[in-house]
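Residue numbers (the numbering used here): 1 to 264. Here a beta-carbon is modelled for each residue, glycine too, at the ideal position from N, C-alpha and C.
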Ligand SMILES: NC(=O)c1ccc[n+]([C@@H]2O[C@H](COP(=O)([O-])OP(=O)(O)OC[C@H]3O[C@@H](n4cnc5c(N)ncnc54)[C@H](O)[C@@H]3O)[C@@H](O)[C@H]2O)c1
């Protein structure tokens with residue numbers, strides 16, 4: 001029987017992580033690297049991505065790498081997988097975390113906004129999972145894919161129609177890929193975070209007055225049984241569990257990490 005330390009030891013593992021330059025992705029990068037993984041951070045924000053990778057390198061574990069990647073572009077996704085394997089030798093884990101959540105009432109959603117949200121949040125994760133799974137299949141040693149969805153995949157919060165559709169689709173895509181890829185021992189799971197304090201979440205409420213922001217936060221925390229907003233590390237811990245050997249018999253699930261928000 002493996003010890004807990006062994007189950008959560010990622011030494012020798014190579015993980016591609018999208019949107020790793022800040023927020024939830026940055027927290028996942030830190031946790032993975034601390035457990036010994038070589039983390040390939042893929043993001044459109046080169047300066048923040050480089051900074052995160054420099055900090056990971058200071059841990060002296062694995063081989064952290066930044067690859068500028070726009071997940072909307074399938075050829076960039078393919079190049080990302082190729083670069084990760086060239087530089088780190090193989091690929092074991094993909095974490096599809098990059099996502100956008102522009103707030104817009106359904107009546108004002110334009111075709112451009114709809115396409116942008118669906119391309120980043122759903123089309124990108126699918127083609128990256130496809131490229132990663134092709135590589136994992138060739139290696140013959142299985143793998144793990146974790147998609148960062150949202151509680152909005154299960155419950156609409158309002159003024160996020162395109163986002164809710166993308167995350168609902170990502171949840172079903174997770175199940176679909178889990179079924180198809182299980183013969184290759186590639187596990188595919190999702191996480192549905194509740195409200196998490198990140199730069200993206202702060203920017204989403206940037207148009208609101210300080211009073212409105214306070215009211216939104218109070219209304220959220222009062223509806224959350226654990227009475228707090230989530231931290232990026234709350235999601236990072238769940239992502240590491242699903243990617244780890246401790247979850248080797250888990251595939252196709254969406255793990256809700258929301259402080260109990262959906263209970264009420
Ligand atoms: N923060 C929350 O409350 C919350 C709740 C539920 C789900 N989520 C999901 O968690 C994930 C991360 O959210 P966050 O709050 O940390 O966001 P964030 O905006 O703080 O960070 C997102 C990162 O993704 C990158 N990114 C954006 N578009 C990209 C693209 N086309 N290609 C590559 N990288 C791109 C950004 O540069 C940034 O580094 C998203 O999928 C989001 O939908 C967040």
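In DSSP terms, what residue 43 is bridged to
Bridge partners of residue 43: 68.
Please tell me whether residue 95 and residue 18 are closer than 9 Å, where the distance is taken between their beta carbons.
Residue 18 is positioned such that its CB atom lies closer than 9 Å to that of residue 95.
Tell me which residues share the same chain as residue 148 and place their Cβ nearer than 6 Å to its Cβ, disregarding the 5 neighbours each side in the sequence.
Beyond the five residues adjoining it in sequence on each side, residue 148 comes within less than 6 Å, by CB distance, of 97 and 191 in the same chain, given in chain order.
When the Cβ atoms of the stretch 216 to 232 are set against those of the stretch 162 to 179, are three or more pairs found closer than 8 Å?
No: fewer than three Cβ pairs fall under 8 Å.
Indicate whether residue 64 and residue 85 have their beta-carbon atoms separated by less than 9 Å.
No, these two residues do not count as a Cβ contact at 9 Å.
Rounded to whole angstroms, what's the CA-CA distance from residue 111 to residue 121? Just pull it up for me.
Rounded to whole angstroms, residue 111 to residue 121 spans 15 Å at the Cα level.
What are the complete alpha helix (DSSP H) segments, minimum 4 residues, inside the stretch 49 to 118?
For the stretch 49 to 118, whole alpha helix (DSSP H) runs of length 4 or above, ordered along the chain, are 74 to 88 and 111 to 118.
Just verifying my parser: in three-state terms, what is the DSSP assignment at residue 16?
Residue 16: strand per DSSP, three-state reduction.
Roughly how many whole angstroms lie between the Cα atoms of residue 183 and residue 254?
Going from the Cα of residue 183 to the Cα of residue 254 covers about 20 Å.
Pick helix, strand or coil for residue 156, following the three-state DSSP scheme.
DSSP, read as helix, strand or coil, puts residue 156 in coil.
Under 9 Å, do residue 145 and residue 129 count as touching if we go by C-beta distance?
Yes, these two residues count as a Cβ contact at 9 Å.
Report the rounded CA-to-CA distance for residue 136 versus residue 78, giving the unit in angstroms.
Rounded to the nearest angstrom, the two C-alpha atoms are 13 Å apart.
Can you list, in chain order, the residues of its chain whose CB lies under 8 Å from that of residue 36, leaving out five sequence neighbours each side?
Only residues of its own chain outside the window of five on either side were considered, and among them 9, 10, 11, 12, 13, 61 and 62 have a CB closer than 8 Å to the CB of residue 36, listed in chain order.
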